[in-house]
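This report refers to the structure that appears directly beneath it.
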Amino acid sequence: MTIEFADLQSLTAKVVAAYVGNNTVSVHDLPSLIHNVQAAFRNLGDDKPAAAKQELVPAVSIKKSVTPEYIVCLEDGKKLKMLKRHLKTVYDLSPDEYRAKWSLPPEYPMVAPNYAKARSEMATKLGLGRKRTVID
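Residue numbers (this note's numbering): 19 to 154.
Structural data, given as structure tokens:
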């Protein structure tokens, strides 16, 4: 599939405009965004099975990614207390997609253990999780 230069520019402009209209993009990141979108269109017709079969290399080892105080994102190595929001905003991945991508077990946590424990204790102190009492 060959895309003509004018079509490539038009498609790139439309995609970049739509993306910038819905996302915050700094002026410094705009040229790389345009380049990446254009490269994606150029590579649409290329069949490169070797590129699709690239083995994923995590930013840290999976064993070291869960600590009591934080979870390390395997995508970028960032240390976080809550991984779910980071995955959605930065990589547009759900927890299930992330676990599948990295071959993680279903019980792999998305929240640091100590943080989850602290939130649970706070909820218990506030009386959350109890059934309401009916006042007659």
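Positions of the beta carbon are idealized from the N, C-alpha and C atoms, including for glycine.
Item checked: Cβ neighbour criterion (16 or more within 10 Å) applied to Ala77 -> exposed
Note to self: For Glu139, report the span of its alpha helix (DSSP H) as first-last.
What the structure shows: 131 to 143
Checklist line | Burial state of Val75 (16 or more Cβ within 10 Å) | finding: exposed
Note to self: Does Val130 pass the burial test, meaning 16 or more other C-beta atoms within 10 Å, or should it be called exposed?
What the structure shows: Residue identity differs from the one stated: residue 130 is Ala in this sequence, not Val. Classification of Ala130: buried, given that the 10 Å Cβ count is 16 or more.
Next item on the list: For Lys119, collect the residues of the same chain with a Cβ closer than 8 Å to its Cβ; drop the 5 residues on either side in sequence, then sort them by chain order.
Entry: Leu74, Leu111
Check: Can you check whether the CB of Lys102 is closer than 9 Å to the CB of Pro113?
Finding: yes
Next item on the list: Go ahead and label Tyr6 buried or exposed: buried means 16 or more other beta carbons lie within 10 angstroms of its beta carbon, across all protein chains shown.
Entry: Outside the shown range of the chain, which is 19 to 154, sits residue 6, and nothing can be said about it.
Checklist line | Cβ-based neighbour list, Met100, same chain, cut-off 6 Å, excluding 5 preceding and 5 following | finding: Val129
Item checked: Distance, Leu26 Cα to Val55 Cα -> 10 Å
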